[in-house]
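Asker: Here you go, one structure.
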Amino acid sequence: MIINVESPILEIHDLTVSYDQSPVLWNVDLSLPAGKLIGILGPNGAGKSTLIKAIMGLVPVTGGYVKIFDRELNDVRSRISYVPQRESVDWNFPASVLDVVMMGTYGKLGLFRRPGKKEKKIAMDCLEKVGMQSFVNRQISELSGGQQQRVFIARALAQEADLYLMDEPFAGVDMATETAIFQLLQEMAAAGKTVIVVHHDIHSAMNYFDWIIMLNLHLVASGPKAEVVTEELLRKTYGGKLNLLTKVTDIIRQKDFNPLKS
Amino acid sequence: MSFDQNAFLIILTASIISISCGLLGVFMMLRKMSMTGDAISHAVLPGIVIGFFVSGSQRGLEVIIGAGLLGILATLIINWLKNKAKVQLDASIGITFTLLFAVGIILINMLAYKVDLDQECVLYGEIAYLPIDLWITKAGFSMGPRITYLAVLNLVLVSIFIFLLYKELTLTSFDENFGLVIGLPAGAINLALMSMVSYTTVSSFEAVGAILVVALLVVPPATAFLWTKKLTSLIKLTCTLGIFIAIAGYYMAYLVDSSIAGMMVAVAGVVFLGSALVKSIKPNLLFGTSTSIEPLEN
């Protein structure tokens, strides 16, 4: 079930991506509304990260196109923000938390210009939003996994974009932090930003996302949570993983189930 | 010990070259490309020979351009082998620079009677001859050692390069994809850095040879990185180490009457091993965690 929207913020048309001849995404065709918190769900190897990277132009596309704000990617880079997977960089790099968050402002600064007071203030505000203000001068090599993740989210916030793409921002993050970050993302969506998150956990996905994309090489579903989270579509997405599916059916049965309240 | 002008000139030049190499070496190390620097320093040889042949002298601009082009070519071949032919990075580096270096050696031998250049000069250099290799103007004035001028020019250009692109170099070294996403020309910045490394190699090879250039690109930054996790202190410490290596290397060579370049590398190696030893025994010396970890509040 794929629900399309009028005047989408992101439009993906017939997108196919292959690595070494073997396609990892087939004919993905969807459109997304603005001001929503959107989750991309799917099993390992379903092409979730690849979809994000294809949107950001980081992997070559075999077919189809992506339009953001009804424009080409290169025209709207300053309005898009990206949180890569934490493991994609070497955290032993000699930089402080503030240095990394300031990198978020570099896109708007342009070549040769140095960040100044204004950029520093943006970075400090963003660190405060993710609760990392007391780590400003800490070297990034001394952070825990969850703290690294928060630094990356703060860096994305510092881009002051309208569309945020986050590749598994909750990997290795504890429950309290996950809840706090989800609340932050919900506030951002309420303020009109669009946030797209690659996510693993179906439980929390049910709680927080407004719109869900289900992916397993093909696009299985894209639409408002209430309409697309059905047993049939989840089965199609996750295949015959029965153990998991029993859990999923449980969740569906108790729609107001909230693991955080118990 | 009285003031020895020759010793001063040699140490000054060696220090300047060490600083240029160290500045570039810091970013090469952070990009995990130290071995690419090694490859470039050897791969520029055919460019030097061709430039030499075209211009008829080792002072020609053609030599630097030739070497710069070969350095970029080497980088492109390495990247191509890695990304398109799926050869492992270390293997593609090994293949590329040995091939280009071999071409250079063949060219030197073929053009031996036309080119005043030999492998030994390229590999080892001889900084001790620096005070007698003078830059003499057309009017016949002696302006001082030619290589010192080359080294100063090189340091000025390297410093300008790093000063202008500091932010971009840092960002693309840390997270290249993020650089691409926010629209930085990451590929061009990478090639520019490689060109600077090629140019520095050529500018320095007469004095210190291709092997010492590699040592200066790799060892001081690696040593400094053992002691600090802050980029600005990393750069400062690398430069300080470069100067120390030049001074200690010169006087040690003077004492045992041996190669200055060789002794500089040896000193650098000993300093590195000593630092690694100290850090392995006391890992938290000089830097450590400063603030305690607090949970995120809602």
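Heads up: the protein sequence lines correspond to chains D and B, in order.
In this text, residue positions in the first sequence follow the working numbering: the first is 111, and each later residue adds one.
In this text, residue positions in the second sequence follow the working numbering: the first is 329, and each later residue adds one.
Beta carbons are placed, not taken as given, at the ideal position from N, Cα and C, and that holds for glycine.
Just so you know, these numbers come straight off a predicted model, no measurement behind them.
(1) Roughly how many angstroms lie between the CA atoms of B:F429 and B:L417, to the nearest whole one?
(2) Is the separation between the beta-carbon of B:F553 and that of B:L559 shorter than 8 Å?
(3) For the beta strand (DSSP E) holding D:A331, just list the boundary residues, first then last.
(4) B:L521 to D:L343, Cα distance in whole Å?
(5) Run through the DSSP bridge pairs and tell me what D:D277 is partnered with.
(6) Going along chain D in order, which residues have a C-beta closer than 8 Å to the C-beta of B:L559?
(7) Candidates D:T172, D:D209, D:K177: which alpha carbon is nearest D:S251's?
(8) Which residues bound the beta strand (DSSP E) around B:K564?
(9) For chain D, find out if any of its Cβ atoms is closer than 8 Å to the Cβ of B:D503; answer yes or no.
(10) Determine, for B:P611, whether the minimum Cβ-Cβ distance to residues of chain D falls below 8 Å.
(11) Can you give me the C-alpha to C-alpha distance between B:L483 and B:S532, rounded to a whole angstrom?
(12) For D:M285, which three-state DSSP category applies?
(13) Using a Cβ cut-off of 8 Å, pull out every chain B residue sitting near D:P334, in sequence order please.
(14) Taking the straight line between their C-alpha atoms, what separation do you get for D:A264 and D:K303?
(15) What's the C-alpha gap between B:I347 and D:F203?
(16) Can you tell me whether B:V584 is buried or exposed? The criterion is at least 16 other CB atoms within 10 Å of its CB, across all chains shown.
(17) Alpha carbons only, please: which of D:F245, D:K227, D:Y274 is nearest the one belonging to D:G145?
(18) Tell me the rounded alpha-carbon separation between D:I150 and D:G157.
(19) If you reduce the DSSP assignment to three classes, tell me which class D:K346 lands in.
(20) Alpha carbon to alpha carbon, what distance is there between D:G220 and D:D235?
(21) For the region 416–492 of chain B, list the alpha helix (DSSP H) runs that are entirely contained and at least 4 residues long, ordered along the chain.
(22) Using a C-beta to C-beta distance shorter than 9 Å, which residues of chain B count as neighbours of D:R187?
(23) Counting Cβ pairs closer than 8 Å, one from the region 111–120 of chain D and one from the region 172–179 of chain D, do we hit at least three?
(24) Buried or exposed, going by whether 16 or more other CB atoms sit within 10 Å of the CB of D:Y348?
(25) For B:E390, tell me which candidate among B:G511, B:P374, B:D332, B:I475 has the shortest Cα-Cα distance.
(26) What's the call for B:S487, buried or exposed, on a 16-neighbour Cβ count within 10 Å?
(27) Return the residues of the region 223–238 of chain D that lie within a Cβ-Cβ distance of less than 9 Å from chain B, sorted by chain order.
(28) I want to see whether chain D comes within less than 8 Å of B:K412, judged by CB atoms only; does it?
(29) Does any CB atom of chain B fall closer than 8 Å to the CB of D:P153?
(30) May I have the straight-line CA-CA distance separating B:A604 from B:M524, to the nearest angstrom?
(31) Between the region 544–558 of chain B and chain D, which residues of the former have CB atoms less than 8 Å from a CB of the latter, in chain order?
(32) Rounded to whole angstroms, what's the CA-CA distance from B:G472 to B:T341? Just pull it up for me.
(33) Please tell me whether D:I162 and D:D277 are closer than 8 Å, where the distance is taken between their beta carbons.
(34) Return the residues of the region 348–365 of chain B that lie within a Cβ-Cβ distance of less than 8 Å from chain D, sorted by chain order.
(35) Quick one: measure Cβ to Cβ for D:V138 and D:L329, integer angstroms, because I've assumed they're closer than 8 Å.
(36) By DSSP's criteria, D:R181 is part of a beta bridge. Which residues make up the other side?
Answerer: On the basis of the data shown:
(1) Here residue 429 of chain B is taken as the residue at index 101 of the second sequence, counted from 1. Here residue 417 of chain B is taken as the residue at index 89 of the second sequence, counted from 1. Rounded to the nearest angstrom, the two C-alpha atoms are 18 Å apart.
(2) Here residue 553 of chain B is taken as the residue at index 225 of the second sequence, counted from 1. Here residue 559 of chain B is taken as the residue at index 231 of the second sequence, counted from 1. By the CB criterion at 8 Å, B:F553 and B:L559 fall outside the cutoff.
(3) As a working mapping, residue 331 of chain D is identified with position 221 in the first sequence. Its beta strand (DSSP E) spans residues 328–334.
(4) Residue numbering aside, residue 521 of chain B sits at position 193 when the second sequence is read from its first letter. Residue numbering aside, residue 343 of chain D sits at position 233 when the first sequence is read from its first letter. Taking the straight line from one Cα to the other gives about 50 Å.
(5) For the purposes of this step, residue 277 of chain D is identified with residue 167 of the first sequence, where counting begins at 1. Looking at the DSSP assignment, D:D277 forms a beta bridge with D:V308.
(6) Within the second sequence, residue 559 of chain B is the residue found at index 231, counting from 1. By Cβ distance, chain D contributes P204, A205, D209.
(7) Taking the first sequence and counting its residues from 1, the one referred to as residue 251 of chain D is at position 141. The candidate whose alpha carbon is nearest that of D:S251 is D:D209.
(8) What you label residue 564 of chain B is simply residue 236 of the second sequence in a count that begins at 1. That residue, B:K564, is in no beta strand (DSSP E); its alpha helix (DSSP H) goes 559–584.
(9) For the purposes of this step, residue 503 of chain B is taken as the residue at position 175 of the second sequence. So yes, B:D503 belongs to the interface.
(10) Here residue 611 of chain B is taken as the residue at index 283 of the second sequence, counted from 1. Output row for B:P611: interface = no.
(11) For the purposes of this step, residue 483 of chain B is taken as residue 155 along the second sequence, with counting starting at 1. For the purposes of this step, residue 532 of chain B is taken as residue 204 along the second sequence, with counting starting at 1. The straight-line gap separating the alpha-carbon atoms of B:L483 and B:S532 is approximately 11 Å.
(12) Reading the first sequence from its first residue, position 175 is the one you call residue 285 of chain D. Collapsing the DSSP output to three states places D:M285 in a helix.
(13) For the purposes of this step, residue 334 of chain D is taken as the residue at position 224 of the first sequence. Listed by position along chain B, the residues whose Cβ is nearer than 8 Å to that of D:P334 form an empty set, because the closest Cβ is around 27 Å away.
(14) For this step, residue 264 of chain D is matched to residue 154 along the first sequence. For this step, residue 303 of chain D is matched to residue 193 along the first sequence. Put simply, the backbone Cα of D:A264 is about 15 Å away from that of D:K303.
(15) Position 19 of the second sequence, counted from the first residue, corresponds to residue 347 of chain B. Position 93 of the first sequence, counted from the first residue, corresponds to residue 203 of chain D. D:F203 has its alpha-carbon roughly 21 Å from the corresponding atom of B:I347.
(16) As a working note, residue 584 of chain B is residue 256 in the second sequence. With fewer than 16 other CB atoms across the displayed protein chains lying within 10 angstroms of its CB, B:V584 is exposed.
(17) On the first sequence, position 35 is the one that residue 145 of chain D refers to. It is D:Y274.
(18) Residue mapping note: residue 150 of chain D aligns to position 40 of the first sequence, counting from 1. Residue mapping note: residue 157 of chain D aligns to position 47 of the first sequence, counting from 1. Their backbone Cα atoms lie some 10 Å apart in a straight line.
(19) On the first sequence, position 236 is the one that residue 346 of chain D refers to. If DSSP states are grouped into helix, strand and coil, D:K346 belongs with the helices.
(20) For the purposes of this step, residue 235 of chain D is taken as residue 125 along the first sequence, with counting starting at 1. For the purposes of this step, residue 220 of chain D is taken as residue 110 along the first sequence, with counting starting at 1. D:D235 and D:G220 have their C-alpha atoms some 21 Å from each other.
(21) If we require 4 residues or more, the alpha helix (DSSP H) runs fully inside the region 416–492 of chain B come out as 417–438, 447–452.
(22) Taking the first residue of the first sequence as 1, we reach residue 187 of chain D at position 77. Here the neighbours are V509, I510, G511.
(23) Yes, the region 111–120 of chain D is in contact with the region 172–179 of chain D.
(24) Locating residue 348 of chain D in the first sequence gives position 238, where the first residue counts as 1. Buried, by the Cβ-count rule.
(25) Your numbering for residue 390 of chain B matches position 62 in the second sequence. Cα-wise, what sits closest to B:E390 is B:P374.
(26) Locating residue 487 of chain B in the second sequence gives position 159, counting from the first residue. B:S487 counts as exposed, since fewer than 16 other C-beta atoms from the protein chains shown sit within 10 angstroms of its C-beta.
(27) Here the close residues are R223, R224, P225.
(28) Here the question's residue 412 of chain B lines up with position 84 in the second sequence. Cβ-Cβ to chain D under 8 Å: no for B:K412.
(29) Walking along the first sequence from the start, residue 153 of chain D turns up at place 43. It does not: the Cβ of D:P153 has no partner Cβ on chain B nearer than 8 Å.
(30) Residue numbering aside, residue 604 of chain B sits at position 276 when the second sequence is read from its first letter. Residue numbering aside, residue 524 of chain B sits at position 196 when the second sequence is read from its first letter. Straight through space, the alpha carbons of B:M524 and B:A604 are spaced by roughly 29 Å.
(31) Within the region 544–558 of chain B, the qualifying residues are F553, T556, K557, K558.
(32) Counted from its first residue, the second sequence places residue 472 of chain B at position 144. Counted from its first residue, the second sequence places residue 341 of chain B at position 13. A direct Cα-to-Cα measurement between B:G472 and B:T341 gives close to 12 Å.
(33) Walking along the first sequence from the start, residue 162 of chain D turns up at place 52. Walking along the first sequence from the start, residue 277 of chain D turns up at place 167. In this structure, the beta-carbon distance from D:I162 to D:D277 falls below 8 Å.
(34) Result list: L358, K360.
(35) Position 28 of the first sequence, counted from the start, is the residue given in the question as residue 138 of chain D. Position 219 of the first sequence, counted from the start, is the residue given in the question as residue 329 of chain D. Confirmed, Cβ separation roughly 5 Å.
(36) Within the first sequence, the letter at position 71 stands for residue 181 of chain D. Beta-bridge pairing by DSSP links D:R181 to D:I178.
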